[in-house]
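Worksheet: the structure to be examined is printed underneath.
In the working numbering, the protein residues as written are 746 to 798.
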């Protein structure tokens, strides 16, 4: 998921609280989108993401 959603982290074991805000958001989106759910309701899912990176 780290590679697929381009989460920038020094290692997969890095605690999420040590990531930048945008990378935390990517990690949360990756976690939620990887689940087996039929409906996902989100508010401002792209808020804080850096699309240039």
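Backbone N, C-alpha and C define an ideal beta-carbon position, used for all residues, glycine too.
Just so it is clear, the structure is predicted and the values come from calculations on it, not from any experiment.
Nearest-angstrom Cα separation, counted from residue j out to residue i
i           : j           : result
residue 747 : residue 757 : 8 angstroms
residue 793 : residue 750 : 14 angstroms
residue 774 : residue 781 : 13 angstroms
residue 783 : residue 755 : 33 angstroms
residue 776 : residue 763 : 17 angstroms
Within 7 angstroms, strictly: CB atoms of residue i and residue j
i           : j           : result
residue 772 : residue 761 : yes
Minimum C-alpha distance to residue i - residue among the options
i           : options               : result
residue 791 : 763, 753, 767 and 782 : 767
residue 765 : 774, 753, 775 and 782 : 753
First and last residue of the uninterrupted alpha helix (DSSP H) at residue i
i           : result
residue 778 : 766-778
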